[in-house]
Amino acid sequence: MNPTFQSITAATSGLALKASAVVERRRMLRQVSRFSNHRLHDIGFERDWDGSILRNGRAI
5 MNPTFQSITA ATSGLALKAS AVVERRRMLR QVSRFSNHRL HDIGFERDWD
55 GSILRNGRAI
């Protein structure tokens, strides 16, 4: 393999991993958003007044 092909392969692989992580994060947030306030509190999260989910006082 030549160096250009290796760098393109590495960049493509990095982009694929990032895209996969974004999709997984969105899926997780969709699932967690359905939890009740009590269940969120049990796992260390809380729901803000506007419906956003917080962990340690910061939006996730």
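Heads up: take any position in the sequence shown, counting from 1, add 4, and you land on our numbering. Beta carbons: idealized from backbone N, C-alpha and C, even for Gly. Treat the numbers as computed from the prediction; the structure is a model and nothing was measured.
{"Query": "In the DSSP assignment, find the unbroken alpha helix (DSSP H) run with R43 in it and report its ends.", "Result": "N41 to D46"}
{"Query": "Using beta-carbon positions only, say whether N41 and R51 come within less than 8 Å of one another.", "Result": "yes"}
{"Query": "My output table needs one value for R38: the three-state DSSP class, helix, strand or coil.", "Result": "coil"}
{"Query": "Whose C-beta lies closer than 6 Å to the C-beta of I64 among residues of the same chain, with five residues either side of it excluded?", "Result": "I57"}
{"Query": "Just how far apart, CA to CA, sit Q10 and E28?", "Result": "27 Å"}
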